[in-house]
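J.: In my numbering, the protein residues as written are 5 to 181.
Quick one: this structure, given as structure tokens, is what I'll be asking you about.
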């Protein structure tokens, strides 16, 4: 379905979707988009809550994460604990090794401290490109975004068209938490 049609369809149901609780919205999203839906998890508090809600509804739900190559050990420990607790297979997307090697060779390991341009380049290599692979083939993805997280997120809708990623739907069940 083209982005415009998706946007219009969601717009018509916007109030209904905004009024749903997080578990209700997850149930709707799973019923509507399964199997072409996944939770993108970075293992922050919101994502752990969403994984628990998701596993209560569908033990076979797809969960993926991005391993930037710069994560703290605690992130890996938590991911392992979640895998064990829920019997969950978490898909892991890594940056392209050659792109990281070239970036580090040209700009250094901590390039993101040097300029905004370098920070954006680093995020593009380590996060944006792998995220694109994780989202490939999906009609919707679930995030832990909340309106109270930052001033840039105060307008986050519970369901929105993600124009940055081919117009798939972005489901934010915790937007109003």
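Think of the CB as a built atom: it goes at the ideal place given N, C-alpha and C, for glycine as much as any other residue.
None of these values were measured; they are calculated from a predicted model.
Alpha carbon to alpha carbon, how far is residue 110 from residue 43?
T.: Your numbering for residue 110 matches position 106 in the chain shown. Your numbering for residue 43 matches position 39 in the chain shown. For residue 110 and residue 43, the distance between alpha carbons rounds to 34 Å.
J.: On the three-state DSSP scale, how would you describe residue 161?
T.: Translated into positions along the chain shown, residue 161 becomes position 157. In this structure, residue 161 counts as coil in the three-state DSSP scheme.
J.: Under 8 Å by Cβ, that's how I've got residue 68 and residue 95 pegged, so tell me the actual separation to the nearest angstrom.
T.: By 1-based counting over the chain shown, the position of residue 68 is 64. By 1-based counting over the chain shown, the position of residue 95 is 91. That pair is a contact at about 4 Å.
J.: Quick one: Cα of residue 171 to Cα of residue 138, how far?
T.: Counted from its first residue, the chain shown places residue 171 at position 167. Counted from its first residue, the chain shown places residue 138 at position 134. Each residue's Cα considered, the two are about 15 Å apart.
J.: Output the boundary residues of the beta strand (DSSP E) element that contains residue 77.
T.: By one-based count along the chain shown, residue 77 stands at place 73. It is not in any beta strand (DSSP E) - residue 77 instead sits in the alpha helix (DSSP H) that spans 77-90.
J.: My understanding is that residue 178 touches residue 148, with C-beta atoms under 8 Å, so please give their C-beta distance in whole angstroms.
T.: Within the chain shown, residue 178 is the residue found at index 174, counting from 1. Within the chain shown, residue 148 is the residue found at index 144, counting from 1. The pair is a contact, with the Cβ atoms about 6 Å apart (cut-off 8 Å).
J.: What did DSSP end up calling residue 174 once you bin it into helix, strand or coil?
T.: Translated into the one-based positions of the chain shown, residue 174 becomes position 170. In the structure shown, residue 174 sits in a strand (DSSP, three-state: E or B).
J.: Using DSSP with H/G/I as helix, E/B as strand and the rest coil, what is residue 42?
T.: As a first step, residue 42 is located in the chain shown; it is residue number 38 there, counting from the start. Reduced to three states, the DSSP call for residue 42 is strand.
J.: Let me check one thing: in DSSP terms, what residues is residue 97 bridge-paired to?
T.: Looking up residue 97 in the chain shown gives position 93. Paired residues: 70.
J.: To the nearest angstrom, report how far apart residue 30 and residue 73 are at their CA atoms.
T.: Position 26 of the chain shown, counted from the start, is the residue given in the question as residue 30. Position 69 of the chain shown, counted from the start, is the residue given in the question as residue 73. Cα to Cα, residue 30 sits roughly 30 Å from residue 73.
J.: Cutting at 7 Å between CB atoms, please list the residues of its own chain near residue 100, excluding the five before and the five after it.
T.: Position 96 of the chain shown, counting from 1, holds the residue named residue 100. Closer than 7 Å at Cβ, skipping near neighbours: 133.
J.: Residue 35: buried (16+ other C-beta within 10 angstroms of its C-beta) or exposed?
T.: Here residue 35 is taken as the residue at index 31 of the chain shown, counted from 1. Flag for residue 35 reads exposed.
J.: By Cβ distance, which residues of its chain are closer than 6 Å to residue 151, with the 5 residues on each side in sequence left out?
T.: Along the chain shown, one-based indexing puts residue 151 at 147. Contacts found: 157, 158, 160 and 179.
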